[in-house]
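Take a look at the structure:
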């Protein structure tokens with residue numbers, strides 16, 4: 018049953034929202050245009066939504082967006098790729114946040130890995146901030162999209 022397509026993002030209006038129908042009941046959405054994701058289970062009060070939101074930072078809850086047509090709740094996506102870097106929402110509240118991009122750098126000789134096999138760490142000292150509408154630039158900064 019699984020199929021995928023690129024649609025216009027309901028949140029931002031951008032043209033790079035990846036839609037994947039898992040089965041008749043579950044469809045996932047990830048917008049590269051705005052950096053938010055949802056699925057057909059992300060509805061206020063649902064067990065799935067409550068489970069997801071219970072682990073989120075307050076900022077993610079504050080900037081979540083409810084699609085008025087579907088009632089799906091969209092939340093910021095966090096990208097964490099060991100040899101590339103991280104992109105995540107960073108800030109204090111809904112009126113003061115940016116996308117943060119952090120490049121992965123090799124562990125230096127003598128540095129202890131926190132996880133077996135770890136070869137990279139996130140260079141938090143050189144975090145770069147991008148405006149809300151510049152999610153794709155943040156992905157490019159860590160090498161996930163071309164410059």
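In this note's numbering, the protein residues as written are 18 to 164. Even for Gly, the Cβ is constructed at its ideal location relative to N, Cα and C. For clarity, every value in this text was computed on a predicted model and none was experimentally measured.
With distances taken from CA atoms, which of the options is nearest residue i?
{"i": "residue 43", "options": "32, 50, 59 and 35", "result": "59"}
{"i": "residue 108", "options": "149, 71 and 23", "result": "149"}
{"i": "residue 101", "options": "53, 86 and 119", "result": "119"}
{"i": "residue 47", "options": "65, 22 and 87", "result": "22"}
{"i": "residue 95", "options": "87, 83, 53 and 78", "result": "53"}
{"i": "residue 51", "options": "90, 40, 31 and 69", "result": "31"}
{"i": "residue 67", "options": "84, 45, 139 and 90", "result": "90"}
{"i": "residue 56", "options": "84, 142, 125 and 134", "result": "84"}
Which class does residue i belong to by DSSP, given the choice of helix, strand or coil?
{"i": "residue 155", "result": "helix"}
{"i": "residue 111", "result": "coil"}
{"i": "residue 149", "result": "helix"}
{"i": "residue 130", "result": "coil"}
{"i": "residue 139", "result": "strand"}
{"i": "residue 22", "result": "strand"}
{"i": "residue 28", "result": "coil"}
{"i": "residue 123", "result": "strand"}
Would residue i and residue j be called neighbours here (beta carbons separated by less than 8 Å)?
{"i": "residue 76", "j": "residue 116", "result": "no"}
{"i": "residue 49", "j": "residue 36", "result": "no"}
{"i": "residue 98", "j": "residue 73", "result": "no"}
{"i": "residue 156", "j": "residue 104", "result": "yes"}
{"i": "residue 122", "j": "residue 151", "result": "no"}
>> To test your reading of the DSSP string, which unbroken alpha helix (DSSP H) runs of 4 or more residues are found completely within the region 31 to 102?
In response: 64 to 70 and 75 to 80
> Taking three-plus beta-carbon pairs below 8 Å as touching, is the region 94 to 112 in contact with the region 146 to 162?
Replying inline: yes
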